[in-house]
Amino acid sequence: MKKDPIKYQEYRARETERSRIYRSKLKEVVKKNKKVLKTKRETDRLRQQRYREKKKEELANQRSLEEMLKKLEKSLPAKMSRKIEVIKLLYSKYVEPEVKES
1 MKKDPIKYQE
11 YRARETERSR
21 IYRSKLKEVV
31 KKNKKVLKTK
41 RETDRLRQQR
51 YREKKKEELA
61 NQRSLEEMLK
71 KLEKSLPAKM
81 SRKIEVIKLL
91 YSKYVEPEVK
101 ES
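Position 38 of the sequence shown, counting from 1, maps to 38 under this note's numbering, and the rest follow consecutively.
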């Protein structure tokens with residue numbers, strides 16, 4: 001559908017109209033009913049909170065991976081030829097068995 005720009009534009013226009021109608025109906029219901037508004041706000045707040053926690057977790061994992069790489073690089077031998085040997089051995093031990101299984 002994305003390859004045909006005319007069909008894609010028509011699709012996007014229909015989807016925009018559909019979502020606009022949905023939002024307007026939802027807004028009318030919420031205006032009439034305070035309890036619905038309160039529950040909607042509560043669920044939105046919880047959803048945003050979960051999203052923020054997930055992002056924090058991802059960043060923490062990313063940071064710890066960077067720390068592990070730094071420690072690994074520090075523990076490698078000083079000579080480049082020895083470094084390459086160690087990396088090749090680790091590659092053959094951990095990566096190649098996974099490739100053979102696939």
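Positions of the beta carbon are idealized from the N, C-alpha and C atoms, including for glycine.
Does the separation of the CB atoms of residue i and residue j fall below 8 Å?
i	j	result
K83	L76	yes
Determine the DSSP secondary structure at residue i, reduced to helix, strand or coil.
i	result
V36	helix
A60	helix
K3	coil
L76	coil
Where do the N-terminal and C-terminal ends of the alpha helix (DSSP H) with residue i fall, by residue?
i	result
L89	M80 to Y94
Nearest by alpha-carbon distance to residue i: which of the options is it?
i	options	result
V86	L72, Y11 and K3	L72
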